[in-house]
Structures are given as C-alpha cells and as structure tokens.
Amino acid sequence: MKKNDAADGEKMSDEYAKFEETLSSCESWPCDYCFKFIVPAASVPEMMELFVGFSVTTRESSKGSFVSVTATATMRTAAEVVAVYRQAATVPGVISL
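Whatever position you read off the sequence shown (first residue = 1), add 1396 for this note's numbering.
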C-alpha cells in the first residue's frame, strides 16, 4: 500500500465513523434503510451479490453504460448500514448516493 493509500484509507474510516454516529443519533433502530448506487453495467452482477435478501430495483441509463441500483432492507443498527457501504465501495466504479 502506498503512503497516500494509507492516508486515504484513514480518511474513509473517519468518514464511515462519522456517518455511523450520525445514523445512530438520527434513526430509530431497527429501521428500513434505502441504499442507492450508480454502477457501471459490467459491475452489476458483483453489486447484486451484496443485496441477497434485499428488495432491489434497477434502472439502466439511456445508453446502457450505467445502472442505478436501489436496495431496501431492515437494518438492525447503524453499523450494519455502514458495513453495506464498505462492501459496496469495493465494487469497481460504484458511486454511492
């Protein structure tokens, strides 16, 4: 890992920690949580593996290059939500909304 990669990783960890803290204080748990992503069409199968058991809808872009993915499920804690975002971040080209 390069030095910048380590710094970027720490920054992301801080952002995830802040997000988890905000979710914990703003939501009552458990709750239904809606995840939204934009994914290159080639990465859709990998993305869908993350959402087994979720209610999922998809929509292709006009040129078919990208797909919007909306996934909803009952999450027990803010940490579960953050875990999904961390996994999704490993999918090539994903944009979290």
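Every residue gets a Cβ at the ideal spot worked out from N, C-alpha and C, and that includes glycine.
Everything numeric in this text was worked out from a predicted model, so none of it was measured.
Rounded to the nearest whole angstrom, the C-alpha separation of residue 1436 and residue 1455 is 12 Å. The criterion of a C-beta distance shorter than 8 Å is satisfied by residue 1468 and residue 1430.
From the listed residues 1490, 1489 and 1480, the smallest Cα separation to residue 1415 is found for 1480.
With fewer than 16 other Cβ atoms from the protein chains shown falling within 10 Å of its own Cβ, residue 1475 counts as exposed. Taking a 10 Å sphere around the C-beta of residue 1448, we find fewer than 16 other C-beta atoms and assign the residue as exposed.
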